[in-house]
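What follows is one structure encoded as structure tokens, with my remarks underneath.
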Amino acid sequence: MNVAERRLRGFNARDRPLPAIGEYRQWQLFWRRLRRDKAAMVSAATIAVITALAIAAPAFAALTGHGPTQQFPNTGLSATGAPVGPGKTFWLGADELGRDLFIRILYGARLSLFIGVGTTAVGTVLGVAAGLAAGYFGGWIDMALSRFIDAVLAFPYIVLALALAAEFGPSLPMVIGVISFFAWCGIARVVRGQTIQLKEMAFVEAARSLGAGPWRIMFSEIMPNLLGPVLVLATFAIPSAILFEATLSFLGLGVQPPTPSWGNILAEAQNYYSVAWWYVLFPVLALLMTTLAFNILGDGIRDALDPRTERLLGSKRERSRRRPRWPRRSARQGTPLAAPGTRPESRPGSRRPRTPAAGTPAGDADRRAVPAAAAVPVIVRFARITRGSPAAVLQHLIRRVMAGAVVLWAVSLGAFLLFFTRPAISVARSMAGKEPTAAELQEITRQLGLDEPIVTQYWHFLGRLLHGNLGYSYATGEAVTTILSEDLPRTASVVVGGMVLWIVAGIGIGILSATRPRSIFDRAATVGVFAGLSMPTFVLGQLLLLGVFLQLNKHGFTWIQNGYVGPTQSVSAWIGHMILPWVTLATGYAAVYSRLSRGSLLETFGEGYIVVARAKGLTERRVVFRHALRCALLPVVSQLGIDVGTLLGGVVVTESVFSIGGIGQDSVQAIDQGNLPVIIGFVLVAALFVVVASIVVDFCYTLLDPRIRLT
Amino acid sequence: VLRRLSGFAAAALAAGSLAACSSAASSTASARPVYGGTLRVISDAGPGSLDPVPTYNYAGYELERGYTRQLVTYPTTSPASTNGMAWTKATTLVPDVATAVPSIANGGITDDGLVYTYHIRSGVDWNSSPPRQVTAADFIREFKAFCNPGPYPVGNLTYFTSTIAGFSRYCAAEASHFTGRGATAVTAATVAAWQNSHSISGISAPGRLTLRVTLIQRASDFSNIMALPFVSARPQEYDAYLPGSAQLNQHIMSDGPYQVSSYVPGKQIVLTRNPAWKQSSDAVRHQYVSKIVVTLGTSSDQTALTDLQADSQDLFLADLGVPPQSIASLQASHDQRLRIWPSSNLNPYIIFNLRAPGSGGAMSKLAVRQAIEYGVNKETIVKVTGGASVSKIITSPIPPGNTGYRPYTRYSTPGNQGNPARCRSLLAQAGYRHGLTLSYLYPNDSTDVTIFQAIQGSLANCGITLKGMPEPSGGAYYTDLGNTPQTSKPGTWDMATGSWFPDWFGNNGRTLIQPLFQSNCTLGTVNAGCYSSPAVDRLITQALGASSPAAAAALWHQADVDVMNDAAIVPLVSAQVAQYASYRVHSGTAGTANFSPFLQGWDLTSMWLNPPAP
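Chains A and B are the protein sequences, given in the same order. If you read the first sequence in the numbering used here, its first letter stands for residue 1, the second for the next number, and so on. If you read the second sequence in the numbering used here, its first letter stands for residue 712, the second for the next number, and so on.
Dropping the structure here:
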């Protein structure tokens, strides 16, 4: 199409009544749908404004005469050191060093957007490349890449970030590296799943029969079909990355001050919640607006890319008009391997067993999509297995367990190399008291066996590990297994309660939204859900502590408490202590699950058997709860298994804020102290949960889906 | 572990080594003690170990006050400042298990100042079954455990090996017995067997209740060393365990008013009344509350404060603190639960790495260091560390309240806000007309990050660019700070935030000037900048051997002046102790108030709860 033709089309589109459907290309249809989505357009405009403000930051700095790192201890701080509030000099107030908060937020926008876009770009390129290679070539490449991805995703991300920060010092490149490192894995899994389906399609066969080589097929045939899902994933990954950076900053690992990022501004503001409201409010608003805008835009893009959106939600006219047009998407439907009755149609951002920041809203964005598509290969595999003998199932199980063991070994090796190759002196110094002599330091090093060659140390480590001995804490001399037995119930308390809460809330909101699509409730829920998703966990947790725990207790309502009390001691006290951590943890996840169940239910409502059920005159309640929900919850169940596994490594922030004393909180302390046996113990347990959860999910999925079981 | 290193943690500033108070809230309300109730205490990591041998942090000291006793100790008084009689009283020893603090006058110290004799009070019992008298042998057992070959030796061995005759030889012999080819395996039994069959020549028990200690040379501060909680009585039952081990932590015995009834490391410590303890045998402790429940694992000062404000806890140990950011607003709202007590420390101060090769060896040039002395805006440091009520500007390495302190300002700037012009001209003299870039090591916790930025901001005004090197405050920071093999290599730190709390106040050159400034450029040194001056070394040696604290004072002061002339450090502020406690917490009037400067925190054995139930 040349320029003249394009102009002509543009002219046609504006001035003529709706033209025949054949004149629209895929992207034009996408744009048409997106343009009509007001929320998405407002979001895009918001992003544009924020970007413009970020670009214009130096102009504002010149206007106010305040540099982003310039301190005004005399005008920006009171005599007692309290930051001054919003006014003529400092429009949005000052921070703890008397710097202009407005200017810092503007400059912070530059860095936060850069981190969001930069890490997403790196993660996307790497993820698409790896996913394409694994999916297309299969065989040992797929095997190696998949196991590697499993190992990476099983490694608790915060532990990795803390370890790298301890080794190299926290810095911007490290932040980008860590976020990208986890981002690419998720994308790679999705792309791999899609590629496996696409490469069996007729158009790929056609290209191959015309003599196209693997590279041409991958890049010219398959990749264009991946653009949609990848674009959606990327849009969701940007706010995730921005929040991830905030979480890292909270742990002291983010962009280092005085360079401002939204994350480190919020982290520095954490002691000012009750002292300087502006210091917390404005950065949170900036962060919320941006992440909310990206999330809603991402949602809009996904809907716009999906031709069925309007079939499900829109007018009949649109539906009937568009349905025949979408050759590639329709071609994707019904893979040759699909079991009868399954819904293999792809939705972007499908099943991702591990997210960059599970446990914090930071990494949750990409989980909201319906995971039906990438689950298909799993379903199909299991469908095949169940058609075979129980021996085959057992064989498969053994294979999975062995693969899991390999992943665990890889994780343990990674953890060992990360931590034990650090100078032994560091450990000895942290144990030796205030004024150690060189001889004392050497003696402690010898006592701990840290003066032996690394290979010998690893050998001993493996030997102990096989006997179930994880070693002894350097700090207290306690057996690591004892510490784990103390910590696990605490972490489990947070995780289990949080999970119940988010399932109930998430699915509840999802059902209400799906049964009233595009209603006021649905729209309000959407905004609420995305706001929950866009809120950094540590901010939410601390606000709950100050706003709920403190205020209620001040007024004599003492049921809600901070810290931990075991359920064996008193169930009521346990709930009272856990309720705020549950809400904190559940907020982000509930958002994901409500989107997941809403989307899944809407799809299910389009199924023939639901139409039949309704035609038979069943009550709507019965249709929803008896028929639709069961099917629609499959992706939710699948996602749940994955989240339960990864949560263990992801409750660090919640545990720290509420002083739960579980695995997450203690691992932060262990890394700070260089307490190697404890770190490795925690990493292994977290990885074990990921591996076990992933196996359990695969089986549960097979068992839960009646269509698979019956075939 | 940073909080194991009491005294040395810059992070301890944030973490709560700040202390207590001002508003005489503590001594109001109920002057008559109320007995009973459960004191609810929160703490971060807690003491790490309950064994007094390795425990070297204020949180540990606070708890040990309940279940250990020393020969001599400090009274718990509540001085309002570091001047005056109250401070002197708080830093002057009183007898504990011993019947008297030895002196030449009472015959406890020989005329040559070399032999100290302690007579142990009768009626001080272990909570064994049946209760058993604490004897001189129990103290000897403790000394012998100091250099045990396990991973948990005594917190500070130097105090003892440098003063007590035969201590070094004993430790060397023990080390050689347990190291090298064919060495005996380290087990509780082998260690106890060795220790029970060997003796330290300078420590003996002429009678069951008499302990005699012979020194290498005269030491006017020896009684201060003997008051450290390392020198607690150690029951024979401990021979069954390695010192500091997890097993021993589960079998802690008590000769104090409280006993450990349960301990879950990292989670909870419960102390209950010790039935074997008698008030008549103890002049410094009490047994008011029935139970003390310490909940460990609150890692955030802000959370800790919220807990106390919500009245769901009563107080926190010294490893937590009132966030500096909240102090001004708490004062503004006249919150009676906030208390600010005097302290005397270098927290924080700036250390210059004199061996650093960066920027053409800039740190080795006196003019550059002096330029920085002038360039730093100390007023900003005060503001970011909680304001003038909790942060006192200091101008010399010996802070007020210690022997050798005399007020003077070697590098004076207008309003303590720095003098960028003077800084620039000194830099130009040193050949850095266009400024220079230096790397700055600091612990990566919120208060220290802010302090770093404040210093960075003020030095930027005179053309010095500081590049931050944040390190985890628990271990790596200390390693880098005292890693002398690295300090002269490229890429090392040029300047660093340091923090120093002397182990006792008063006659304390041994725990202040000596460790920080005596030539000692070895691995793990706390003279982290590798400062070395023959003149200062000579003064330190003379002061340590001085016949009396008064004689030592002039020598310590001279060393202090020399160090400032050499601009070895930049003293910034001395952090006062800000504490917060629920309305239930009370204590008596000045005589038995609940703040102990030595503990830098609460004396849990001197407070009661009114009402006893929350």
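Glycine included, C-beta positions come from ideal geometry on N, C-alpha and C. All figures in this text were calculated on a predicted structure; none of them were measured in a lab.
Please classify residue i: is it buried, with 16 or more other beta-carbons within 10 angstroms of its beta-carbon, or exposed?
i: Met-402 of chain A; result: exposed
i: Asp-822 of chain B; result: exposed
i: Phe-530 of chain A; result: buried
i: Ile-187 of chain A; result: buried
i: Glu-655 of chain A; result: buried
i: Met-143 of chain A; result: exposed
i: Ala-1268 of chain B; result: A quick correction: the sequence has His, not Ala, at residue 1268 of chain B. His-1268 of chain B should be labelled buried.
Can you tell me whether residue i is helix, strand or coil according to DSSP?
i: Ala-1326 of chain B; result: Past the boundaries of the shown model lies residue 1326 of chain B; chain B is included only from 712 to 1325, so the question cannot be answered.
i: Lys-800 of chain B; result: helix
i: Leu-462 of chain A; result: helix
i: Val-284 of chain A; result: helix
i: Trp-1052 of chain B; result: strand
i: Ala-816 of chain B; result: coil
i: Ile-1105 of chain B; result: coil
i: Ala-1286 of chain B; result: strand
i: Arg-743 of chain B; result: coil
i: Met-964 of chain B; result: coil
i: Ile-714 of chain A; result: Here chain A covers residues 1 to 711 and nothing more, so residue 714 of chain A does not appear.
i: Gly-1032 of chain B; result: coil
i: Phe-669 of chain B; result: Not covered by the structure: residue 669 of chain B. The range shown for chain B is 712 to 1325.
i: Ala-479 of chain A; result: strand
What's the gap between the Cα of residue i and the Cα of residue j?
i: Gly-680 of chain B; j: Ile-1109 of chain B; result: In the structure displayed, chain B extends from 712 to 1325; residue 680 of chain B sits before or after that span and is not available.
i: Gly-563 of chain A; j: Phe-1027 of chain B; result: 14 Å
i: Val-548 of chain A; j: Ile-1166 of chain B; result: 37 Å
i: Arg-302 of chain A; j: Trp-31 of chain A; result: 11 Å
i: Gly-661 of chain A; j: Ala-876 of chain B; result: 46 Å
i: Ser-1285 of chain B; j: Glu-478 of chain A; result: 36 Å
i: Leu-297 of chain A; j: Leu-53 of chain A; result: 19 Å
i: Ser-330 of chain A; j: Met-41 of chain A; result: With a pLDDT of 31 at Ser-330 of chain A, under the threshold of 50, the modelled position of this residue cannot be trusted, and the question is left open.
i: Pro-825 of chain B; j: Tyr-863 of chain B; result: Rather than Pro, the amino acid found at residue 825 of chain B in this sequence is Leu. Roughly 30 Å between the two C-alpha positions.
i: Arg-880 of chain B; j: Ile-911 of chain B; result: 8 Å
i: Met-1318 of chain B; j: Tyr-999 of chain B; result: 7 Å
i: Phe-155 of chain A; j: Gly-139 of chain A; result: 24 Å
i: Asp-299 of chain A; j: Val-232 of chain A; result: 8 Å
i: Ser-346 of chain A; j: Asp-306 of chain A; result: Low confidence applies here, because Ser-346 of chain A scores a pLDDT of 30, under 50, leaving its location unreliable and the question unanswered by this model.
i: Ile-579 of chain A; j: Ser-1011 of chain B; result: 19 Å
i: Met-218 of chain A; j: Ala-206 of chain A; result: 13 Å
i: Phe-941 of chain B; j: Ala-1171 of chain B; result: 45 Å
DSSP beta-bridge partners for residue i?
i: Leu-1057 of chain B; result: B:Trp-1211
i: Gln-1128 of chain B; result: Paired residue(s): none; Gln-1128 of chain B is not in a bridge.
i: Arg-984 of chain B; result: B:Tyr-969
i: Thr-828 of chain B; result: B:Arg-923
i: Pro-1181 of chain B; result: B:Tyr-1153
i: Arg-208 of chain A; result: Arg-208 of chain A pairs with nothing; no bridge assigned.
Anything in chain E within Cβ reach of residue i, meaning under 9 Å, just list it in chain order.
i: Phe-549 of chain A; result: Considering every chain present, this structure includes no chain E. Its protein chains are A and B.
Measuring CB atoms only, is the stretch 938 to 958 of chain B touching the stretch 852 to 867 of chain B, in the sense that at least three cross pairs come out at less than 8 Å? yes
Can you find at least 3 beta carbon pairs, one from the stretch 1227 to 1238 of chain B and one from the stretch 1070 to 1084 of chain B, that sit closer than 8 Å? no
Pairing CB atoms from the stretch 501 to 514 of chain A with CB atoms from the stretch 259 to 274 of chain A, are three or more of them under 8 Å? no
Given 8 Å, three or more beta-carbon pairs between the stretch 1184 to 1202 of chain B and the stretch 1236 to 1245 of chain B: yes
Okay, do the stretch 1064 to 1071 of chain B and the stretch 808 to 816 of chain B touch, 3+ Cβ pairs below 8 Å being the bar? no
Do the stretch 1174 to 1193 of chain B and the stretch 75 to 82 of chain A touch if we need at least three Cβ pairs shorter than 8 Å? no
Quick check: the stretch 1202 to 1217 of chain B against the stretch 190 to 198 of chain A, are there 3 or more CB pairs under 8 Å? no
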